[in-house]
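Have a look at the structure below before the remarks.
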Ligand SMILES: [Zn+2]
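In our numbering, the protein residues as written are 1465 to 1711.
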């Protein structure tokens, strides 16, 4: 299965053919269900967190995010980009296509290319539907289906999902393979949209220097170690943008 996925990604990004690499069998919820749950989670996050309305800040991430999104083949959702008040240099993705960037991240990055690198990585997660995969693993089909019926129990579950995603809880942490996939897709998006491809790598180096590998920030969760991600991104750059096989 992994080989098939990698092949699909290589074909996809080499422009030979459109192959939808979504691994549906990992996701037990449909695109429509993901959207419905994602809308509820997004509404809850917007109640719990302070969404920045400053139009210059919002435009800063939307312009980059939309340029990256335009470099993707057809995809399940239209992505939405938000800035939230939080000092930690982090970003996270919600099922259904909403991507949140902390104000702390905007202050942390050295330049727009690093910001683009992080956004490209998060788009990689959304494109592969990793947030829904994470929910599928944590809750199972029955519980997820019951969340579609709005009652007090499902509201509590949605609230708990929102808090976990926003607070760096277990739902916002992905597997090693998912992280490497998001990096690979992110790298390709930077390349295809004509942006500098080293933004994500330079961002990770800065984060690693400051916090050390395996810190508590989900963007650099210990699986895989940040050093491994930096090495892989560097190899892709040296290979002229060739995708690496995900181990
Ligand atoms: Zn990630």
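Even glycine gets a Cβ: it sits at the ideal position worked out from N, Cα and C.
Which first and last residues belong to the alpha helix (DSSP H) in which residue i is found?
i	result
residue 1648	1640 to 1656
residue 1619	1616 to 1630
residue 1438	The question about residue 1438 has no answer here: the residues shown for the chain are numbered 1465 through 1711.
residue 1769	Only positions 1465 to 1711 of the chain appear in this structure, which leaves residue 1769 out of reach.
residue 1694	1690 to 1702
What's the gap between the Cα of residue i and the Cα of residue j?
i	j	result
residue 1696	residue 1644	8 Å
residue 1520	residue 1606	42 Å
residue 1654	residue 1616	42 Å
residue 1485	residue 1537	Any reading at residue 1485 is ruled out, since the residue's pLDDT is 43, under 50, leaving its predicted position unreliable.
residue 1510	residue 1669	31 Å
residue 1704	residue 1524	28 Å
residue 1587	residue 1495	16 Å
residue 1667	residue 1608	35 Å
residue 1623	residue 1505	7 Å
residue 1627	residue 1550	13 Å
residue 1693	residue 1497	32 Å
residue 1492	residue 1591	16 Å
residue 1544	residue 1558	10 Å
residue 1621	residue 1611	7 Å
residue 1698	residue 1582	16 Å
residue 1618	residue 1625	11 Å
residue 1529	residue 1566	14 Å
residue 1604	residue 1502	16 Å
residue 1572	residue 1553	6 Å
residue 1642	residue 1688	9 Å
residue 1516	residue 1575	20 Å
residue 1640	residue 1589	12 Å
residue 1482	residue 1564	In this prediction, residue 1482 scores a pLDDT of 31, lower than 50, which makes its location untrustworthy; the coordinate-derived value is nonetheless stated afterwards. Approximately 28 Å between the Cα atoms of the pair.
residue 1648	residue 1673	22 Å
residue 1513	residue 1700	36 Å
residue 1631	residue 1702	36 Å
Please state whether the Cβ-Cβ distance between residue i and residue j is less than 8 Å.
i	j	result
residue 1651	residue 1671	no
residue 1629	residue 1602	no
residue 1532	residue 1500	no
residue 1577	residue 1660	yes
residue 1594	residue 1646	yes
residue 1547	residue 1570	yes
residue 1657	residue 1555	no
residue 1542	residue 1561	yes
residue 1598	residue 1638	yes
Less than 7 Å separating the Cβ of residue i from some heavy atom of ligand 2?
i	result
residue 1646	As far as ligands go, the structure on display features ligand 1 and does not contain ligand 2.
With 8 Å set as the bound, which would you pick, yes or no: does the beta-carbon of residue i sit closer than that to a beta-carbon of chain B?
i	result
residue 1671	This model lacks chain B altogether; it includes just one protein chain.
Mind pulling the alpha helix (DSSP H) runs of 4 or more residues that sit fully within the segment 1542 to 1600? 1567 to 1572, 1576 to 1591
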